[in-house]
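Here's the structure we're looking at; comments come further down.
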Amino acid sequence: MGNSEPVELFLESLNKHIGAEELLAMDACLDCHNCGSGCAWYLATGDVTLHPKYKKDFIRKVYYSHIHPIGRMATSLGLRSPLTEETLRQYMPYFWKCTSCGRCTLSCPLGLSNRSVVRLARTAFCDSGLIKENPVLNEVVEGSRQVRHSFSIPKEKIMLRYGLFLTHEKTLIPIDTPDVDYLFAPSAVENAKFPDFAIKIPQILNASGVSYTFSSRLTDTGTDAEHLVVDRNLSREMLEEVEDEVQRLAARRVLVSECGCDVRTFYVEAETILGRPFKFPVQSIDSLMLELIQSGALPVEKVPGRFTFHDPCKVVRLSGMSQLERELLNRVAADIIEMSPNGEYNYCCNGGTGPLRLPENSQLRRQISQIKAKQISATTAEKVVTPCAVCMLTLEDICQTYKLSAPDQRMSFMTYELVHEAMQRALKRSGQSYRTQMPAVFRQQTSEFIFNHSMAGLFEKISASSDMSALFMWLANDPVTSRYFRDHPDMKAYSDFKTYLFLRLQPGFSIHPDAYEVLELSREMFSQYEDLLIAV
Numbered sequence: 409m410g411n412s413e414p415v416e417l418f419l420e421s422l423n424k425h426i427g428a429e430e431l432l433a434m435d436a437c438l439d440c441h442n443c444g445s446g447c448a449w450y451l452a453t454g455d456v457t458l459h460p461k462y463k464k465d466f467i468r469k470v471y472y473s474h475i476h477p478i479g480r481m482a483t484s485l486g487l488r489s490p491l492t493e494e495t496l497r498q499y500m501p502y503f504w505k506c507t508s509c510g511r512c513t514l515s516c517p518l519g520l521s522n523r524s525v526v527r528l529a530r531t532a533f534c535d536s537g538l539i540k541e542n543p544v545l546n547e548v549v550e551g552s553r554q555v556r557h558s559f560s561i562p563k564e565k566i567m568l569r570y571g572l573f574l575t576h577e578k579t580l581i582p583i584d585t586p587d588v589d590y591l592f593a594p595s596a597v598e599n600a601k602f603p604d605f606a607i608k609i610p611q612i613l614n615a616s617g618v619s620y621t622f623s624s625r626l627t628d629t630g631t632d633a634e635h636l637v638v639d640r641n642l643s644r645e646m647l648e649e650v651e652d653e654v655q656r657l658a659a660r661r662v663l664v665s666e667c668g669c670d671v672r673t674f675y676v677e678a679e680t681i682l683g684r685p686f687k688f689p690v691q692s693i694d695s696l697m698l699e700l701i702q703s704g705a706l707p708v709e710k711v712p713g714r715f716t717f718h719d720p721c722k723v724v725r726l727s728g729m730s731q732l733e734r735e736l737l738n739r740v741a742a743d744i745i746e747m748s749p750n751g752e753y754n755y756c757c758n759g760g761t762g763p764l765r766l767p768e769n770s771q772l773r774r775q776i777s778q779i780k781a782k783q784i785s786a787t788t789a790e791k792v793v794t795p796c797a798v799c800m801l802t803l804e805d806i807c808q809t810y811k812l813s814a815p816d817q818r819m820s821f822m823t824y825e826l827v828h829e830a831m832q833r834a835l836k837r838s839g840q841s842y843r844t845q846m847p848a849v850f851r852q853q854t855s856e857f858i859f860n861h862s863m864a865g866l867f868e869k870i871s872a873s874s875d876m877s878a879l880f881m882w883l884a885n886d887p888v889t890s891r892y893f894r895d896h897p898d899m900k901a902y903s904d905f906k907t908y909l910f911l912r913l914q915p916g917f918s919i920h921p922d923a924y925e926v927l928e929l930s931r932e933m934f935s936q937y938e939d940l941l942i943a944v
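Anchor point for the sequence shown: position 471 equals 879 in this note's numbering, and the numbering is continuous, going up by one each time.
The structure is reproduced here in structure tokens:
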């Protein structure tokens, strides 16, 4: 009897994608089990099913029983057990009880890569179709395919939310502005979970005079497809679309946000994904911020307080940016207390590449995070800083779970948030706080050009959308927007607008005639720049 379709697809994928690194990890393994001494998931639980070798041994058994010629013959003769869907379903969860952080490789006497085997298995589960049975993993794939966002958030909603926050902050950002130095490639986690924090990035770029633009077509770079589900075709398509946007807007390089998976993808894996070099130069936002501070373009004044730094696995251990990140932090923080261990030996946050998003892993993830909680607590730091969106969210969950901070007080912050605070202190001291408001690419441009290439112009396009009512109903019920209102009590006009939405957006009510109230908010903000345009 032949294999079922999922089993056949799993084996086909394994055979297609297995390479020298994975074969070496399986064949050269000494069975010493030392890799477990580097894995937080195993150390915190003692559960053998969470040991790196347990996952590798399963793939090794499948390979040598069903793909290797001798093993395949032995299986066909009944000398080895057939592979079944039930077996695949049994083992699949173990490959997402892992962050593919690579720390186990540091404990291996031969430096073998278990993370590459985990990624290989995730691809095979994806290609087999079995991940459709997991709602979160399926959403990553389907959201990325249908709306090009791994959280299934359409671009209009993301831009609308950014627009509301930026309007209140009196900040203009360039959108679809051609002939710039940088196209900003946003993190999907960032614009899905905390765009209210992420608006600090364009303010830093504005204050520094950087030539950049956002794209109305690009809200996800495909790194969840690449790292969370490891759908290689989908991640290649989305990476190619980033190249297309750079070319369409005649930008000269890609600016990567603070997301470990994005950094790893663009700096290390893009050539493997595409089968050729990425077409354009790439720079991380942290690398750029450090350059701007060093050159004097970005004024900063060190922020008082005790800080500790969490090393994101894919930024430090897997992309080699430890020194850069610490140099940047030393420029903006008054007192930094290192965790122990730190650098490439630091422990993972335990949330990246899946575990944070998978509710079935929450209890286990928090149990494992006692290691990270002890690391943080031992530093006596007041705040934890990290240059990764998923790490920041996971660390905040850890700090709350283990009561390292008050219930209503954040303890975990993005690196750019600290840079922004240091910048604000310096600008306020010099009376130049206005510098955060105007992008360099808008200087000496006409008001019409600026309006058409800013959030104000995008609002006008959105107001003509047939989905206008649904978009604003979503905004009115959005928890991230509610958080921004809560954190900015001076937003009375916007609070009134939110109340207006709740009262007026009833079934059968068309918001189109009233949509320009939102547009007027943006136009009102835009009009405030007339004098500033002349001044700069």
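The beta-carbon is built from N, C-alpha and C at its ideal position, and this holds for glycine as well. Bear in mind the structure is a predicted one, so any value in this text is a computation, not a measurement.
Please identify the residue among the options whose C-alpha is closest to the C-alpha of residue i.
i: Glu541; options: Pro586, Pro847 and Gln498; result: Gln498
i: Ile612; options: Gly751, Val792 and Phe592; result: Phe592
i: Tyr892; options: Thr575, Tyr675, Tyr472 and Leu417; result: Thr575
i: Asn641; options: Lys578, Leu700 and Ala532; result: Ala532
i: Pro689; options: Ala678, Glu699 and Ile779; result: Ala678
i: Glu420; options: Ile681, His459 and Leu491; result: Leu491
i: Ile806; options: Cys756, Ser616 and Gln840; result: Cys756
i: Leu496; options: Arg725, Ile467, Leu663 and His476; result: Ile467
i: His896; options: Lys836, Ile745 and Phe573; result: Phe573
i: Glu666; options: Gly446, Thr889, Pro603 and Ser785; result: Pro603
i: Leu812; options: Thr854, Glu790, Arg833 and Asp875; result: Glu790
i: Ser877; options: Glu564, Pro610, Ser730 and Ala433; result: Glu564
i: Leu514; options: Pro460, Arg480 and Ile475; result: Pro460
i: Ser508; options: Leu732, Arg569 and Gly760; result: Gly760
i: Pro543; options: Arg734, Gly762, Thr844 and His425; result: Gly762
i: Asn599; options: Ser484, Leu568 and Val588; result: Leu568
i: Asp743; options: Glu709, Leu772 and Asn758; result: Glu709
For residue i, does the count of other Cβ atoms within 10 angstroms reach 16, so buried, or fall short, so exposed?
i: Leu518; result: exposed
i: Gln783; result: buried
i: Pro915; result: Note that Pro915 scores a pLDDT of 43, beneath 50, so its modelled location is shaky and nothing firm can be said.
i: Pro921; result: Below a pLDDT of 50, predicted positions are generally treated as unreliable, and Pro921, at 37, falls in that range; no measurement from the model is reported.
i: Asn423; result: exposed
i: Phe917; result: Bear in mind that the predicted position of Phe917 carries a pLDDT of just 36, short of 50, making it too unreliable to give a figure here.
i: Asn885; result: exposed
i: Val926; result: Residue placement at Val926 is flagged as unreliable, the pLDDT there being 42, under the threshold of 50; the coordinate-derived value follows with that caveat. The residue in question, Val926, is buried, as its Cβ has 16 or more Cβ neighbours within 10 Å.
i: Met646; result: buried
i: Arg851; result: exposed
i: Ser890; result: exposed
i: Ala428; result: exposed
i: Val676; result: exposed
i: Ile478; result: exposed
Mind reading off the beta-carbon distance from residue i to residue j? Whole number of angstroms is fine, and I expect it under 8 Å.
i: Met697; j: Leu737; result: Not confirmed; about 11 Å, so no contact.
i: Pro847; j: Ile539; result: Contact flag wrong, Cβ pair sits at about 41 Å.
i: Leu764; j: Thr802; result: 5 Å
i: Glu493; j: Ser412; result: 5 Å
i: Trp504; j: Ile776; result: The pair is not a contact, with the Cβ atoms about 13 Å apart (cut-off 8 Å).
i: Arg672; j: Leu726; result: 5 Å
i: Asp628; j: Arg556; result: 6 Å
i: Met863; j: Gly617; result: Actually they are not in contact, since the Cβ atoms of Met863 and Gly617 sit about 20 Å apart, beyond 8 Å.
i: Phe717; j: Glu752; result: Actually they do not touch by this definition, with Cβ atoms about 13 Å apart.
i: Asp639; j: Cys534; result: 5 Å
In this structure, how does DSSP classify residue i when only helix, strand and coil are distinguished?
i: Ser358; result: For residue 358 there is no data in the structure shown, the boundaries of the chain being 409 and 944.
i: Leu663; result: strand
i: Gly865; result: helix
i: Asp455; result: coil
i: Leu929; result: Reliability fails at Leu929, whose pLDDT of 46 lies under 50, so the model's placement of it is uncertain and the value that follows must be treated cautiously. Looking at Leu929 - three-state DSSP - the assignment turns out to be helix.
i: Arg714; result: strand
i: Ser855; result: helix
i: Ile744; result: strand
i: Ile806; result: helix
i: Pro815; result: coil
i: Gly510; result: coil
i: Ala436; result: coil
i: Glu494; result: helix
i: Phe559; result: coil
DSSP has residue i in a bridge; who is on the other side?
i: Thr621; result: Leu591
i: Lys791; result: Phe715
i: Met822; result: Thr794
i: Ile583; result: Phe622
Do residue i and the ligand NAP come close, with the Cβ less than 8 Å from some heavy atom?
i: Gln808; result: This structure simply doesn't include the ligand NAP, nor any ligand for that matter.
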